[in-house]
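Worksheet: the structure to be examined is printed underneath.
Residue numbers (my numbering): 128 to 476.
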């Protein structure tokens, strides 16, 4: 079975349940004076209420551009959403006016940006910054909005009395909690988290992930976790989309991706992890670098780095169904005897 889209099978699951986030054939390019950066090249994803999707891949794979497109925040120029459809809670965000977009950002869909240091206004108290969104979307008075802001701080583990303090009075972990409180203030249906723990130490990272998982369950929202950290994915995600050079090369449940990977790039990511069963085992890095996004090949973009590469890999690709919602973008997957080799004692979900 073949299809031109890596996530077609995912789009066909649970047909009776409406997706809170539905991305179809999204293409995002950055058109510069002398060249075009092909950041996102025809991806599709579908997420139901309560699900958590891990969007993983190296820096430059197109993960953040995908998230910005969901909010219709791709900066133009040079960014252009060339084609595709993005539906959030039944509304196509790419067809909305600026006024309509203001109403759904923060209300239906929110985003936790990568660096909390640059996400907060240094001259406003954290309470005022949380209350700002609440006043706009909920129509509450300033007093009631500030009271709700205090409740949101309590929800993320910060005493409400600290609402009168400024960002510089908080640690890095506390700032990230404030950013999360802002994103959750109006109970969004979809939360996009772009490397939400990358600036935190390991201890605080674990606390923030536990908190996000608990809040997601409590609020029933869908969560897209954008990361290159497979440990984060294993801790919090139900579904995984592996992204490379602007395309989703493998998609499936957490167990399918971690235990039975089918794409050589996924194999490379998992084999790059430390082997907890054999402390003396050496890491197996992926050789080479990601391709230049301004000069992507017509075939598999991973072919120059792939140890399984063959001449056919230089030809246009078709997505193959592995089974259920598990799909893979690989020319060699269905060849007799072809199988991915995880190192002994590799990562398991």
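Glycine included, C-beta positions come from ideal geometry on N, C-alpha and C. Computed from a predicted structure; not experimentally measured.
Checklist entry - If you count every other CB in all the chains shown that lies within 10 Å of the CB of residue 250, and 16 or more means buried, which is it? => result exposed
Checklist entry - Measuring CB to CB, does residue 366 end up less than 8 Å from residue 178? => result yes
Item to check | Supposed close pair residue 210, residue 152 - CB separation, criterion 8 Å | outcome: 6 Å
Next on the checklist: Quick check on the burial criterion: 16 or more other C-beta atoms within 10 angstroms. Buried or exposed for residue 144?
Outcome noted: exposed
Item to check | Residue range of the unbroken alpha helix (DSSP H) whose run includes residue 395 | outcome: 391-398
Checklist entry - Using the C-alpha atoms, what's the distance from residue 166 back to residue 192? => result 7 Å
Checklist entry - Tell me the DSSP bridge mates of residue 232? => result 236
Next on the checklist: Between residue 181 and residue 352, how many whole angstroms is the CB-CB distance? I'm expecting something under 8 Å.
Outcome noted: 5 Å
Next on the checklist: Given a cut-off of 8 Å on the beta-carbon distance, is the pair residue 315 and residue 219 in contact?
Outcome noted: no
Item to check | Contact test: residue 445 Cβ vs the ligand NAD heavy atom, cutoff 7 Å | outcome: For the structure depicted, the ligand NAD is absent and the ligand set is empty, with no information on it obtainable.
Next on the checklist: Just to confirm my understanding: we take residue 384, look at its own chain, exclude 5 residues before and 5 after, and list those with CB closer than 6 Å. What are they?
Outcome noted: 367
Item to check | Same chain, Cβ closer than 8 Å to residue 217, five either side skipped, listed in chain order | outcome: 145
Checklist entry - What do you get for residue 296, buried or exposed, if any count of 16 or more other CB atoms within 10 angstroms of its CB means buried? => result exposed
Checklist entry - Per DSSP, what kind of secondary structure is residue 368 in: helix, strand or coil? => result strand
Next on the checklist: So within the region 257-334, which uninterrupted beta strand (DSSP E) runs reach at least 3 residues, ignoring any that extend past its ends?
Outcome noted: 317-321
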